[in-house]
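Under the numbering used here, residues 241 to 738 are what the sequence shown spells out, in order.
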Amino acid sequence: MTEFELKFQVDAPNRAAVEAAVARGRSHRSRLRARYYDTADGALAARHIVLRVRKEDGAWIQTAKAPGASPVERLEHNVELPPVRAGEAPLPLAGRHDGTAVGERIALALRQAGHDPAEVEWVPLYGTDVWRTTREMRSGDALVELAFDVGEVRSGEHSQPLCELEIELKLGSASSMLELARRWRGRYGLWLDTVSKSEHGERLARGLAYGPPTKARAPRLDADADGPQVFRAVLDSCLAQMLPNASEVAAGSPDPEHVHQLRVGIRRLRTALREMAGFAPAVDPAWEPVLVDTFRALGRQRDRDHVLQVVQPQMLAHGAPPFGFAQAAGEIPEAQAVVRAASFQAVLMDLIAAALPGRTEGEPEKKGAPARKALRVRLSTLHRQVLRDGKRFDRLEPAEQHRVRKRLKRLRYLGEFAAPLFGRRAAQRFLEQLEPAQDALGAHNDAQMAMTACREGAAHDGAAWFAVGWLAASQPASAAQCRKALAKVADLRPFWTR
């Protein structure tokens with residue numbers, strides 16, 4: 241069984257309205273008390289597998305879940321357990337899931353960790369106590385379940401409150417379910433959250449408030465994949481990076497790496513939308529300005545930190561007076577508000593819809609021509625443009641230099657996307673050898689950005705003009721270094737021509 245579900249966090253001002261909306265009609269309210277189990281060495285958690293035993297309306301249910309094919313899908317299997325004496329809770333047994341996809345995942349995870357699935361000792365790690373209000377409703381050709389949860393997750397003496405809305409597809413098309421989710425998100429100011437109750441519990445047990453930043457992963461593709469298959473796989477790859485990091489930022493994570501990885505995900509996505517537009521005619525051009533605005537807003541804090549933590553110490557080391565760039569801090573938007581913004585949340589919903597298979601479940605997918613030829617053309621075009629402008633990089637205007645850097649990044653990301661179609665090893669060698677040029681152009685761009693920021697800061701503090709002058713004087717040598725690094729790219733053999 242595959243679970244297709246979206247989860248949203250509900251802010252306190254909207255809690256009563258959401259609860260009342262779910263409770264309309266033929267709704268049901270129940271108390272759910274669950275215990276989550278793993279081995280002492282975390283064999284299941286290491287592979288994002290969840291095993292729980294939960295009491296629902298007086299009955300005990302054992303459930304196992306594992307990651308599915310996309311960021312919003314999970315494998316799931318439920319088993320109703322025999323009654324136990326009052327005050328007792330049944331223990332889980334891995335064998336109850338034998339013969340299912342998630343059961344195979346559990347057995348493999350246990351064996352790889354050195355456990356015998358038939359004799360494993362389970363350890364209770366954390367639990368949840370939730371009051372759930374549910375209602376089923378129709379949306380187009382879909383039957384959807386709404387579940388509003390209020391309660392807590394607890395580990396030892398520590399607890400964390402829960403207040404969230406889950407929207408799950410029971411029958412019919414995911415597109416119709418997503419249309420209903422869009423309406424609820426917009427009506428009640430909800431924001432997407434990919435952090436499950438089990439993940440909250442694991443963090444609580446380990447004394448953590450937030451999860452680790454999620455980095456990019458390669459798309460899963462066959463060498464003969466056609467255009468739509470490539471686009472959906474790449475979109476899944478981008479969402480698998482963007483959604484978890486967006487969830488952490490929206491929840492208030494102070495870790496700048498969450499913001500950085502979200503921006504990397506947005507940049508990769510924009511490359512896919514630009515370079516693979518022919519593979520996905522349903523791409524909405526309205527997404528691009530929202531993605532650009534979000535990317536830039538999230539980057540302003542990073543730009544300011546670069547000036548304060550890198551540029552200003554360099555200036556002070558060269559005898560410059562300290563300058564008050566920090567006065568502009570109030571102009572920088574909070575990353576949490578940027579990610580929770582209705583416009584960005586709406587685009588995330590649209591992207592989830594765009595990643596859905598272009599067929600009805602159970603029907604064979606009609607396959608088109610392999611995508612290699614079209615991707616070869618796009619890679620060759622970007623490569624040619626980078627080499628052409630690289631030869632005269634130090635003579636280009638700053639805006640043109642920035643365009644070279646963006647093309648080099650697009651070449652790298654498109655190369656990563658296309659690697660499974662041309663051979664991962666050859667692609668990896670080529671992409672690794674782009675890194676010196678990327679680093680050189682990145683440092684050059686940072687200096688240009690810092691010079692602009694210091695010029696603006698000079699309106700508040702004239703001492704910033706020293707930094708402007710120093711950075712301007714360093715630009716010619718920096719540009720020459722970029723030209724040399726780009727010249728080495730010309731010596732690389734493109735992996736897509738082999």
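Ideal Cβ placement from N, Cα and C applies to all residues, glycine included.
Same chain only: Cβ atoms within 8 Å of Leu-402, ignoring 5 sequence neighbours per side: Thr-368, Val-370, Asp-389, Val-390, Gly-391, Glu-392, Val-393, Lys-437, His-440
DSSP on His-268, reduced to helix/strand/coil? strand
Which stretch, first to last residue, makes up the beta strand (DSSP E) that contains Gly-492? First-last for Gly-492: undefined, no H or E at that position.
Smallest Cα separation from Ala-687: which of His-642, Val-360, Val-504? His-642
Under the rule that 16 or more other beta-carbon atoms within 10 Å means buried, what is Gly-265, buried or exposed? exposed
Report the option in Ala-465, Gly-682, Glu-316, Arg-292 whose CA atom is closest to the CA atom of Ala-719. Gly-682
In whole angstroms, give me the CA-to-CA distance for Ile-742 and Glu-320. Since the displayed the chain opens at 241 and closes at 738, residue 742 lies outside it and no answer follows.
Got a sec? Which residues, its chain only, sit under 6 Å from Tyr-225 by beta carbon, not counting five neighbours each side? With the chain represented from 241 up to 738, any question about residue 225 goes unanswered, as that position is not in the structure.
With distances taken from CA atoms, which of Glu-313, Ala-727, Ala-609, Gly-451 is nearest Pro-468? Ala-609
Could you pull out every residue in the same chain whose Cβ sits closer than 6 Å to the Cβ of Glu-243, ignoring the five residues on either side in sequence? Arg-314, Glu-316
Along the beta strand (DSSP E) that carries Gln-249, what are the first and last residues, could you check? 242 to 249
Mapping DSSP to helix, strand and coil, what is Tyr-277? strand
Pick helix, strand or coil for Gln-481, following the three-state DSSP scheme. helix
From the DSSP output, in three-state form, read off Phe-563 for me. coil
Taking the alpha-carbon positions, what's the Ala-526 to Ala-421 distance? 20 Å
Give the range of the beta strand (DSSP E) segment to which His-317 is assigned. 313 to 320
Bridge partners of Gln-400, per DSSP? Val-393
Between which two residues does the alpha helix (DSSP H) holding Gln-302 run? Gln-302 -> not in any alpha helix (DSSP H); beta strand (DSSP E) instead, spanning 299 to 307.
Tell me the rounded alpha-carbon separation between Arg-273 and Thr-303. 13 Å
Using the three-state DSSP reduction, which class does Ala-382 fall into: helix, strand or coil? strand
State the DSSP-derived secondary structure class of Ile-407, mapped to helix, strand or coil. strand
Mark Arg-599 as exposed unless 16 or more other C-beta atoms lie within 10 angstroms of its C-beta, in which case mark it buried. Residue confidence is low: Arg-599 scores 44 on pLDDT, short of 50, so the model does not pin down where it sits. Its coordinate-derived value is still stated next. Counting Cβ neighbours within 10 Å, Arg-599 comes out exposed, since fewer than 16 surround it.
Simplified DSSP state of Pro-610, which is helix, strand or coil: strand
Considering only the beta carbon of each residue, do Ala-382 and Leu-409 sit closer than 9 Å? yes
Spatial distance of His-398 from Gly-429 (CA atoms): 29 Å
I need the boundaries of the alpha helix (DSSP H) containing Arg-723, first residue and last residue. 704 to 729
Any chance the region 570 to 584 sits against the region 525 to 542, with 3 or more Cβ pairs inside 8 Å? yes
Are the region 509 to 528 and the region 487 to 495 touching by the rule of at least three beta carbon pairs closer than 8 Å? no
The beta strand (DSSP E) spanning Arg-294 covers which residue range? 290 to 296
Could you give the DSSP three-state label for Val-523: helix, strand or coil? coil
Which first and last residues belong to the alpha helix (DSSP H) in which Gln-641 is found? 638 to 662
On the DSSP bridge list, what partners appear for Gly-367? Arg-275, Arg-394
Closest by C-alpha distance to Ser-379, when choosing among Gly-697, Thr-692, Arg-612, Leu-418: Leu-418
Quick one: what's Asp-545 bridged to in DSSP? Answer by DSSP bridge pairing: none, since Asp-545 is not bridged.
Inter-residue CB distance, Arg-375 and Val-262 (contact presumed, cutoff 8 Å): 5 Å
Is the CB-CB distance between Ser-477 and Ala-458 below 9 Å? yes
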